[in-house]
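Data block below; observations after.
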Amino acid sequence: MSASSKFFASKGGFTTKILLARLKHVFDHHPIASNSLLCLNLWAAGDILAQFSEKKLLHNSTGSNVVETKGSAMPQRQQKTEASPSVIVGMNDKNNKTASEKETTINYIRTAQCAFFGATVTGPILAVWYPFLDKICVAKNVTLRYGIWGAPVAKVVADEFLMDPPSLVLFYSYMNACEGGSLETLKHKLDSEFMVSWLTSLAVWPWVLLGTFRFLPVYAQAPLINVCCVVWDGFLSHRNAVSRVKEKEMESEAEEAGRLKARKAIKNTASAYASESTMPVKGGNTAFSN
Numbered sequence: 100m101s102a103s104s105k106f107f108a109s110k111g112g113f114t115t116k117i118l119l120a121r122l123k124h125v126f127d128h129h130p131i132a133s134n135s136l137l138c139l140n141l142w143a144a145g146d147i148l149a150q151f152s153e154k155k156l157l158h159n160s161t162g163s164n165v166v167e168t169k170g171s172a173m174p175q176r177q178q179k180t181e182a183s184p185s186v187i188v189g190m191n192d193k194n195n196k197t198a199s200e201k202e203t204t205i206n207y208i209r210t211a212q213c214a215f216f217g218a219t220v221t222g223p224i225l226a227v228w229y230p231f232l233d234k235i236c237v238a239k240n241v242t243l244r245y246g247i248w249g250a251p252v253a254k255v256v257a258d259e260f261l262m263d264p265p266s267l268v269l270f271y272s273y274m275n276a277c278e279g280g281s282l283e284t285l286k287h288k289l290d291s292e293f294m295v296s297w298l299t300s301l302a303v304w305p306w307v308l309l310g311t312f313r314f315l316p317v318y319a320q321a322p323l324i325n326v327c328c329v330v331w332d333g334f335l336s337h338r339n340a341v342s343r344v345k346e347k348e349m350e351s352e353a354e355e356a357g358r359l360k361a362r363k364a365i366k367n368t369a370s371a372y373a374s375e376s377t378m379p380v381k382g383g384n385t386a387f388s389n
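Heads up: take any position in the sequence shown, counting from 1, add 99, and you land on the numbering used here.
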């Protein structure tokens, strides 16, 4: 290795060591503030990722719709273009432009809500929770009793069964409040999404947590898990969006059922009125007989 290479390598290693030392100092001495700031950005990134994925899936599902008419399976756009090319092509271009604009639009209010939850709830809780678990394991001599994997396994079990369920309830309650939902909508949200989210967490997170608790120091556990949470945050945001769509569908069905019920009542009232108007008046024939 040349002298210049050694110089830049040493400078690079020195800079990396300083950076890691400063990060260690920040996360070790200011765990709540540092993890809150980290979670703010990661939750925002996770929600944006979820929104892009949702719009991509929606575009793929709606782009393949086909209109079947009398034995032919021709896309609706093609049939209309053949009918009147000069008019329909312009309409299609306008519709395509509107659809593309919708696909690239980000719901920044939803992103801000997720980022606020990460900064004020997830970041502070994880910054306190993992050191607390470590203190409990040290106080109970878990490593001495059950080996080097005893403490990581105990922490994973505590995290998945003691921390994860209330955290999911808190997240869906928070998003329900941000959306202006009621207790009924919160109940529906939890009924439809809680078990899906928790079972997914049980299938994925234990493997990540086990390696984190086993090989990383306490001060670095929350930051690394928060970084891994980008995909998980996007997943939770997506599940909340799915529940919101289900709620809107239920509201639409309830409104439609109400309209049908009102129409039926009006029809029954009209039928009853018509039958009463056509009934003969009692004693009417006798008056004419005299």
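Glycine included, each C-beta is placed from N, C-alpha and C at the ideal position. Since the model is a prediction, treat every value here as computed from it, not as a measurement.
Use the C-beta contact count for residue i: other C-beta atoms within 10 angstroms, 16 or more gives buried, fewer gives exposed.
i, result
"A218", "buried"
"E324", "Per the sequence shown, residue 324 should be read as Ile rather than Glu. Counting Cβ neighbours within 10 Å, I324 comes out buried, since at least 16 surround it."
"P322", "buried"
"T204", "exposed"
"S266", "buried"
"S135", "buried"
"D146", "buried"
"G333", "buried"
"T311", "buried"
"I117", "exposed"
"P251", "buried"
"M349", "exposed"
"L137", "buried"
"V241", "buried"
"L243", "exposed"
"G279", "exposed"
"N275", "buried"
"I224", "buried"
"A238", "exposed"
Assuming residue i and residue j make a contact with CB atoms under 8 Å, what is their CB distance in whole Å?
i, j, result
"K345", "L308", "Contact doesn't hold; Cβ gap of about 30 Å is too wide."
"S291", "D263", "Going by Cβ atoms, the distance from S291 to D263 rounds to 18 Å, so no, they are not a contact pair."
"W142", "A214", "5 Å"
"L289", "Y271", "6 Å"
"E352", "P305", "Not really, about 39 Å apart at Cβ, beyond 8 Å."
Beta strand (DSSP E) runs contained entirely in the stretch 197-239, provided each spans 3 or more residues: none
Cβ contact (3+ pairs, closer than 8 Å) linking the stretch 285-301 and the stretch 336-350: yes
Contact between the stretch 218-231 and the stretch 127-143 (3+ Cβ pairs under 8 Å): yes
Those runs of the alpha helix (DSSP H) which lie wholly inside the stretch 237-322 and span at least 4 residues: 241-245, 249-257, 263-277, 282-314
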